[in-house]
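K.L.:
Let me begin by handing over the structure; questions about it come next.
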Amino acid sequence: MIVAAVVVAVALIAALIMAVVDGDDDSAGESAPPPSSGPAEPPATATSDEDAESIDVDLIGRRVTLVDAPGGTPREQTGQPGAFPEGQEMVGPPAGLELQRVSSGATVMVSRSDGPTDLDGEVMTGYAHSPGGAALVAANFAGLGMEMGAAYADFLQQFMPDAVAEDPAVLDEIRSRGASADGRALTAAQGYQAPRWFRFQHCDEQVCTVEAAMPSIAEAVGEIESIDVGPHDHQVVRVSMEWTGEQWEILSSRAMPPVVEIDGTWSPWT
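Numbering (the numbering used here), first residue to last: 40 to 309.
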């Protein structure tokens with residue numbers, strides 16, 4: 040299954056973290072915002088919605104906003120999208136970059152300059168025609184892929200329409216796998232699997248190839264033994280996209296060999 044294979048290596052990390060911290064169910068429960076039991080409130084402004092959201096930190100200490108939306112919550116855009124690089128120069132994070140932990144436990148990225156700006160159903164859309172917009176698509180492709188549920192299936196339908204059209208049954212399988220996992224590994228991992236570093240193999244107005252590197256297990260929980268993933272390995276996902284005139288659409292994706300040392304070719308975003 041092509042669209043799911045890229046997240047296997049990343050999902051393995053969440054499973055390993057779950058094995059380490061699974062006994063702390065009480066603290067995991069405290070991470071989720073309590074459900075509302077009162078009457079429905081009148082429509083709120085974006086500012087008051089944000090004021091009502093809870094803040095947490097992931098296992099490596101990054102600030103994370105807890106949102107109820109299964110696919111993430113776009114933010115008001117207050118900055119301008121970044122420019123395309125000349126060659127392979129480093130691209131820094133977009134303005135107002137924010138990590139959001141959605142209802143499944145997956146972590147997504149939004150910004151206040153490069154999108155996303157809108158919702159189509161429960162899928163965030165409106166990623167900017169910029170390297171930052173492309174990188175955010177790649178980050179959320181990997182992040183929602185950790186859950187393998189309805190939000191990921193909807194994301195793929197939006198941003199990988201050609202691949203989905205070739206194998207429509209893949210969406211049902213992804214929804215089923217997400218339901219069976221029930222977000223357990225993601226709750227234990229506390230969102231730490233969101234990318235921390237990015238680099239661009241190529242990025243122009245037509246095509247963009249982004250690599251996203253994750254924190255290592257050792258950064259999150261210290262030294263543990265595993266035959267599958269080295270404690271200092273940084274899992275890497277590569278995503279290639281094209282600009283259709285309206286949005287970035289994913290052409291291909293793959294899990295790259297992990298790297299132990301993050302060198303100067305990577306730009307730290309979080």
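Even glycine gets a Cβ: it sits at the ideal position worked out from N, Cα and C.
Note that the coordinates shown come from a computational prediction; the quantities given were computed from them, not determined experimentally.
In whole angstroms, what separates the C-alpha of Y166 from that of T156?
P.N.:
Taking the straight line joining both Cα atoms gives about 7 Å.
K.L.:
Classify E300 as buried or exposed, calling it buried when 16 or more other Cβ atoms lie within 10 Å of its own Cβ.
P.N.:
By the neighbour-count rule (16 or more Cβ atoms within 10 Å), E300 is not buried but exposed.
K.L.:
Helix, strand or coil for S291, going by three-state DSSP, please let me know.
P.N.:
In this structure, S291 counts as strand in the three-state DSSP scheme.
K.L.:
Do you know offhand how far T146's Cα is from G182's?
P.N.:
When rounded, the distance between both Cα atoms is 6 Å.
K.L.:
Please go through the same chain and pick out, in chain order, the residues whose beta-carbon is closer than 6 Å to the beta-carbon of V246, but skip the five residues on each side of it.
P.N.:
Answer for V246: E281, listed in chain order.
K.L.:
Measuring straight from C-alpha to C-alpha, what distance separates S152 and D159?
P.N.:
Looking at the two C-alpha atoms, the distance is approximately 19 Å.
K.L.:
Which class does D302 belong to by DSSP, given the choice of helix, strand or coil?
P.N.:
Looking at D302 - three-state DSSP - the assignment turns out to be coil, as it is neither helix nor strand.
K.L.:
Using only the alpha-carbon positions, how far apart do A202 and I289 sit?
P.N.:
Computed Cα separation, rounded: 9 Å.
K.L.:
Please confirm whether Q139 and M185 have their CB atoms less than 9 Å apart.
P.N.:
No, the Cβ-Cβ distance between Q139 and M185 is not below 9 Å.
K.L.:
Ends of the beta strand (DSSP E) at Q240?
P.N.:
First-last of the beta strand (DSSP E) with Q240: 236-242.
K.L.:
Would you list the residues sitting across from S11 in a DSSP beta bridge?
P.N.:
Nothing can be reported for residue 11, as the shown portion of the chain is limited to 40 through 309.
K.L.:
Can you grab the Cα-Cα spacing for the pair F198 / W287, in whole Å?
P.N.:
Those two C-alpha atoms are separated by around 7 Å.
K.L.:
Under three-state DSSP, which class holds S219?
P.N.:
In this structure, S219 counts as helix in the three-state DSSP scheme.
K.L.:
Leaving out the 5 sequence neighbours to the left and right, which residues in its chain are closer than 6 Å to M129 when beta-carbon positions are compared?
P.N.:
S306.
K.L.:
Exposed or buried, Q274, counting other C-beta atoms within 10 Å across all chains shown (16 or more means buried)?
P.N.:
By the 10 Å Cβ count, Q274 comes out buried.
K.L.:
Distance check for V176 and G261, CA to CA, integer angstroms please.
P.N.:
Whole-angstrom Cα-Cα distance: 30 Å.
K.L.:
Return the CA-CA distance between L8 and A192, expressed in angstroms with no decimal places.
P.N.:
For residue 8 there is no data in the structure shown, the boundaries of the chain being 40 and 309.
K.L.:
Should A173 be flagged as near chain C, meaning a C-beta pair shorter than 9 Å?
P.N.:
No chain C is present in this structure, which holds just one protein chain.
K.L.:
Here's the rule: buried if 16 or more other CB atoms are within 10 angstroms of the residue's CB, otherwise exposed. What is P120?
P.N.:
When all chains shown are included, P120 counts as buried.
K.L.:
If you run the structure through DSSP and keep just helix, strand and coil, what is R214?
P.N.:
Correct three-state label for R214: helix.
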